[in-house]
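Below is one structure, written out as C-alpha coordinates; comments come after it.
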Amino acid sequence: MGLWICFNWQGMIFEPLAYHAEEFCYTHGIPHFVLKPLWSCPTCMSSFWGLVFYLLLGHQYLSLAEMLVVIPVTAFINTLFCILLNKNTDEGCG
15 MGLWICFNWQ GMIFEPLAYH AEEFCYTHGI PHFVLKPLWS CPTCMSSFWG LVFYLLLGHQ
75 YLSLAEMLVV IPVTAFINTL FCILLNKNTD EGCG
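First residue of the sequence shown? That's 15 in my numbering, and the numbers climb one at a time after it.
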(Lines of atoms letter the chains of each structure in order from A and count residues from 1; the text may use other names and numbers.)
(Lines give C-alpha, C1' and ligand atoms only; values in the text may rest on other atoms or scores of the structure.)
Protein backbone atom coordinates (compact mmCIF):
# COMPACT_ATOMS: atom_id res chain seq x y z
CA MET A 1 0.00 0.00 0.00
CA GLY A 2 2.88 2.33 0.77
CA LEU A 3 4.34 1.83 -2.69
CA TRP A 4 0.98 2.70 -4.24
CA ILE A 5 0.80 5.91 -2.17
CA CYS A 6 4.33 6.88 -3.27
CA PHE A 7 3.23 6.63 -6.92
CA ASN A 8 -0.28 8.04 -6.77
CA TRP A 9 -0.69 10.70 -4.11
CA GLN A 10 0.06 14.25 -5.12
CA GLY A 11 3.49 15.44 -4.03
CA MET A 12 4.86 11.97 -3.26
CA ILE A 13 8.30 10.89 -4.39
CA PHE A 14 7.33 8.72 -7.39
CA GLU A 15 4.28 10.72 -8.47
CA PRO A 16 6.13 12.56 -11.31
CA LEU A 17 7.50 9.24 -12.57
CA ALA A 18 4.00 7.72 -12.63
CA TYR A 19 2.61 10.78 -14.41
CA HIS A 20 5.23 10.66 -17.17
CA ALA A 21 4.98 6.88 -17.53
CA GLU A 22 1.18 7.05 -17.84
CA GLU A 23 1.49 9.82 -20.41
CA PHE A 24 3.98 7.69 -22.37
CA CYS A 25 1.69 4.65 -22.25
CA TYR A 26 -1.35 6.61 -23.39
CA THR A 27 0.46 8.28 -26.28
CA HIS A 28 1.83 4.91 -27.45
CA GLY A 29 -1.49 3.08 -27.17
CA ILE A 30 -0.60 0.84 -24.24
CA PRO A 31 -3.88 -0.14 -22.52
CA HIS A 32 -4.59 1.00 -18.98
CA PHE A 33 -4.88 -2.54 -17.59
CA VAL A 34 -1.13 -2.94 -18.12
CA LEU A 35 -0.48 -0.07 -15.68
CA LYS A 36 -2.68 -1.44 -12.90
CA PRO A 37 -0.32 -4.12 -11.58
CA LEU A 38 2.67 -1.81 -11.90
CA TRP A 39 1.42 1.19 -9.88
CA SER A 40 -2.16 2.23 -10.38
CA CYS A 41 -4.25 -0.40 -8.52
CA PRO A 42 -3.27 -1.43 -4.98
CA THR A 43 -5.21 -4.69 -5.17
CA CYS A 44 -3.62 -5.63 -8.51
CA MET A 45 -0.19 -4.56 -7.31
CA SER A 46 -0.21 -7.07 -4.47
CA SER A 47 -0.24 -10.05 -6.81
CA PHE A 48 2.29 -8.65 -9.28
CA TRP A 49 4.78 -7.27 -6.76
CA GLY A 50 4.19 -10.22 -4.41
CA LEU A 51 5.25 -12.56 -7.21
CA VAL A 52 8.26 -10.37 -8.07
CA PHE A 53 9.48 -10.29 -4.47
CA TYR A 54 8.79 -14.00 -4.09
CA LEU A 55 10.93 -14.77 -7.12
CA LEU A 56 13.69 -12.45 -5.90
CA LEU A 57 13.67 -13.23 -2.18
CA GLY A 58 10.66 -15.13 -0.97
CA HIS A 59 11.51 -18.67 -1.93
CA GLN A 60 14.11 -18.55 0.84
CA TYR A 61 11.42 -17.79 3.43
CA LEU A 62 8.08 -19.03 2.07
CA SER A 63 7.03 -22.08 0.14
CA LEU A 64 5.01 -21.65 -3.04
CA ALA A 65 1.89 -22.90 -1.25
CA GLU A 66 2.33 -20.26 1.47
CA MET A 67 2.83 -17.58 -1.17
CA LEU A 68 -0.39 -18.63 -2.90
CA VAL A 69 -2.15 -17.81 0.37
CA VAL A 70 -0.21 -14.62 1.14
CA ILE A 71 -0.93 -12.91 -2.20
CA PRO A 72 -4.77 -13.07 -2.03
CA VAL A 73 -4.74 -12.10 1.64
CA THR A 74 -2.60 -9.08 0.79
CA ALA A 75 -4.97 -8.16 -2.04
CA PHE A 76 -7.91 -8.37 0.38
CA ILE A 77 -6.15 -6.20 2.97
CA ASN A 78 -5.27 -3.63 0.28
CA THR A 79 -8.93 -3.57 -0.77
CA LEU A 80 -9.95 -2.85 2.82
CA PHE A 81 -7.35 -0.06 3.01
CA CYS A 82 -8.77 1.41 -0.21
CA ILE A 83 -12.26 1.43 1.25
CA LEU A 84 -10.96 3.25 4.34
CA LEU A 85 -8.91 5.72 2.27
CA ASN A 86 -11.90 6.52 0.05
CA LYS A 87 -14.02 7.26 3.12
CA ASN A 88 -11.46 9.18 5.17
CA THR A 89 -9.16 11.11 2.80
CA ASP A 90 -9.40 13.41 -0.17
CA GLU A 91 -6.82 11.36 -2.12
CA GLY A 92 -8.52 7.97 -1.83
CA CYS A 93 -7.72 5.04 -4.12
CA GLY A 94 -9.02 6.60 -7.31
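Backbone N, C-alpha and C fix where the C-beta goes; we use that ideal spot for every residue, glycine too.
Item: Determine the closest residue to Trp63 out of His46, Tyr75 and Met81, with distance taken between C-alpha atoms.; Value: Met81
Item: For Trp18 and Trp53, which I take to be in contact (beta-carbon distance under 8 Å), what is that distance rounded to the nearest angstrom?; Value: 7 Å
Item: Measure the C-alpha to C-alpha separation of Ala89 and Leu99 and round it to an integer number of angstroms.; Value: 15 Å
Item: If you check the beta carbons only, do Pro56 and Thr103 fall under 9 Å apart?; Value: no
Item: Express the C-alpha separation of Tyr33 and Glu105 in angstroms, rounding to a whole number.; Value: 16 Å
Item: Return the CA-CA distance between Val84 and Lys101, expressed in angstroms with no decimal places.; Value: 26 Å
Item: Is Phe47 near the ligand FMN, in the sense that its beta carbon is under 8 Å from a heavy atom of that ligand?; Value: As presented, the structure is devoid of all ligands, the ligand FMN included, so that no description of it is given.
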